[in-house]
Structures are given as structure tokens and as C-alpha cells.
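Position 265 of the sequence shown, counting from 1, maps to 1507 under the numbering used here, and the rest follow consecutively.
Working notes for the structure below.
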Amino acid sequence: HARGGSDKSKYFVDDDRASVSYFEGAITLGCRSTAVYNYLVSLYVKMDDETPLYDFISAHTSSSLATTGIKSKQSSPLDMNYALSTIIQTGRHYRSVIKLYMAFGMRQRAVELAIKVDPVLAKELARDSVDRDEKKRLWLMIARNAAVEGESSGGQDIVSNVLSVLTECGPGVLSIEDVLPFLPDVAQIDQFKDEICDALTSYSSKIQEYLKEMNECDQTCNALREEIRRLSDYSTAMYSEATCAFTGRVVAEENEPFYVFPSGFVVMESALKNEVVPYLNEKQQSRIQSIEGEIIEISEMNKKAQNNSLNHDGRMELLQAELNGLIAAECPLTGSAMIDSIDRCFEDSKEDELYIAFDDFMVEV
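Listed below in C-alpha cells is the structure:
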């Protein structure tokens, strides 16, 4: 029996490469166990070659995250938190760490690490950013690192390194004034005089654009002032026998305020409220009730204060103007209220009511 046991022991091989092949095959056949994925990561990190680990991480993290930097729900059984902590503990395989940072939407952390291990990759990640502020922030980090590298090499290459980053980042990302803090206090202006000239040209064009916008704003303001002046002098004529568009009553014979619209329609205040208020939102309806209540209170106070100097006519005018703006902003027969009421039945139309009842019945069926 001892001999048989020694024969069986040759089938048990303590070889990580065999284990890797076994678990890779299990995943290929459809295994979705997180434990298997995590264990395979732990085997990959022991390898000197990072390629298998990087390919595995890339295959099981969303590629769209690397472009947008937006974190989304995982679709892979891979536990990215476990993978990240496991790889970081090894102190190597940083390209895989960068890939995981991007999968988490941590583009800035990814660029910070890439600057140390792969500056070319850092520039690619910064270039792929779609957020303008983030892209500028990332390229500033790269420019600062370029200045530090130039300083460590004796200070001769600081200006050239920083200006190289300024060129690589593309137009509209960084300007010469953004990277000036990274340049030495004493430097020959000939090295970046072209960038300074470009910045001055850009400022000049922006100033011209702002002046153009200011002129356009001035013209708009003048047009508004002219319109306000014209409206303040606006008047309309109304026949003495004009009737309310809704009630049919002669407005001059009623002891009630009325409104005359530019469309020619005349509407009494009570009828106007009945037509307009249902189409206002809750806040506007509540404000109308508040205004009407305050107007009543002020009217009563003015009656009591007839024999003294107290009056609230100014407040009354303000409230009435606000009320007019809420209920008489537009003609109820030619404005948005008429459009909103297109699906309402005519009051005396039984046929429309039958159609609506039939439609409700069909919806229930």
C-alpha cells in the first residue's frame, strides 16, 4: 500500500503555471465564481511577466470606463477591490494598477501613477479625458513632473520639457501663463517667445470678442428700453357697448374690473380668473390666493383709516400689478391657455363626452 501511495503522489504537481492553466480553462468554459477569478489574480501577481495579469484585468473591466472615467456597475465576477489591493501589495505590475484605477473612474490617480512608471501612458490618459477642467488639471500635473525631471538633470532642460508638454496637450488646454510657475526664475525669453506671442494674440482676439458681445448687449438694452417706453405710452380704444368674451355682459355696466387685451378681446376679472387659474401651477395659484387675501385686508384697513393719515395705496398698487401679471399676462383666447385647453370638451357637447368615455373604457379593457 505504501508503494501505491508513492505512485499516486506523482499526479499532484505543485506548479503555479499548471494552476493558472487550469483556472484559465475553467473561466473559458464559463465559470463565473468570484473566488476563482480572485485566486487567478493572486497567481498572476506572482509572475514576473505582467502581460497575463494586464490582459486578464483588461478583459474583465469595462473599456468605456477608461475613456469616460465614469464608474458603472461591474459585469464581471472579478472583485476589482481585491485585485487592486493584491497588486498594490506586491509593489510592481503598476500598469495593471493603472488599468484598475481607470475602471474605478479614478483617472487622476491613474495619471499620478503613470507619470512615475510610464509618462507616455500618462499623456494618453490625460488626452482621453472628456472633462475640460479635469484635462487641464492632468496636463498641469504632467507639466510639473516634466519641470522636476528637467531640474534633476541639471536644470538645462526645464524650459524645453515644459514647452514640449505645452505642445503635446493640444490647443485650448494649457497656455503659457499656466506653466510659468514651473519655469525657472531666470530663463531666456527666446525659448518661449513664440508661446508668449500666441498668448498675446489669443488675448487680443478674446478682447475683440468681448467688445463685440458688449456692443450687442448695449443694442439689446437699448431695444428693451425703447420697447418699455413704447409700452408705457400704449393705449387702446374700446366701444362703450363692449361685452365680456366669456359672460357676454356689457363690461361698462358691471361694477367689476375688466381687462382689454391687444387681441381686441375684453374679459371681466372674475371670468378671466375662472379661465386662467386652472392652467397655472400650484405655486402661482397659491400666490393668487395670498394676494387676494392681502388686498382684502388692505381695503378694510384703508376704510378704517379714512380719518387719519395711514393708508396703504402703494402696497395695494404693487399687489394689483403682481396679480395682473399672473392672470392677464396673455389673452386667454389667443395665448397658451387656449392651446392647453385643446383637449377639453365643449361644455354642451355630449358627443365629446361619449368619445372620452369610450376611450377610457377601451384603455381599461
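Glycine residues also receive a C-beta, built at the ideal position from the N, C-alpha and C atoms.
Residue i: first and last residue of the uninterrupted beta strand (DSSP E) it sits in
| i | result |
| --- | --- |
| Tyr1501 | 1500-1502 |
Residue i - partner residues in DSSP beta bridges
| i | result |
| --- | --- |
| Val1492 | Thr1485 |
| Met1289 | Met1289 pairs with nothing; no bridge assigned. |
| Val1508 | Val1502 |
Helix, strand or coil at residue i [DSSP, three-state]
| i | result |
| --- | --- |
| Met1456 | helix |
| Glu1464 | Per the sequence shown, residue 1464 should be read as Asn rather than Glu. Asn1464: helix per DSSP, three-state reduction. |
| Ser1275 | coil |
| Glu1419 | helix |
| Phe1298 | helix |
| Asp1258 | helix |
| Gly1412 | coil |
| Cys1439 | helix |
| Ser1314 | Here the model assigns Ser1314 a pLDDT of 44, short of 50, so the residue's position is not dependable, and the following value carries that caveat. Ser1314 falls in the coil class under three-state DSSP. |
| Glu1572 | coil |
| Asn1497 | coil |
| Pro1520 | helix |
| Leu1473 | helix |
Span of the alpha helix (DSSP H) around residue i
| i | result |
| --- | --- |
| Met1383 | 1374-1394 |
| Arg1557 | 1555-1569 |
| Met1543 | 1524-1546 |
| Ala1479 | Ala1479 -> no alpha helix (DSSP H), and no H or E assigned at all. |
| Ser1578 | 1578-1582 |
| Tyr1324 | 1322-1332 |
| Met1344 | 1336-1345 |
| Asp1370 | 1361-1370 |
Cβ pair residue i, residue j closer than 8 Å
| i | j | result |
| --- | --- | --- |
| Met1383 | Glu1410 | no |
| Glu1393 | Arg1337 | no |
| Thr1485 | Ala1513 | no |
| Cys1573 | Phe1507 | yes |
| Ala1388 | Val1407 | yes |
| Leu1575 | Ser1505 | yes |
| Ile1302 | Leu1320 | What sits at residue 1302 in the sequence shown is His, not Ile. Contact: yes. |
| Ser1284 | Thr1328 | yes |
| Thr1478 | Val1502 | yes |
| Leu1342 | Met1322 | yes |
| Ile1533 | Leu1565 | yes |
8 Å contact criterion, which residue i and residue j should meet: CB distance rounded
| i | j | result |
| --- | --- | --- |
| Arg1349 | Leu1367 | 6 Å |
| Glu1498 | Met1510 | 5 Å |
| Val1519 | Ile1530 | 7 Å |
| Trp1381 | Val1415 | 6 Å |
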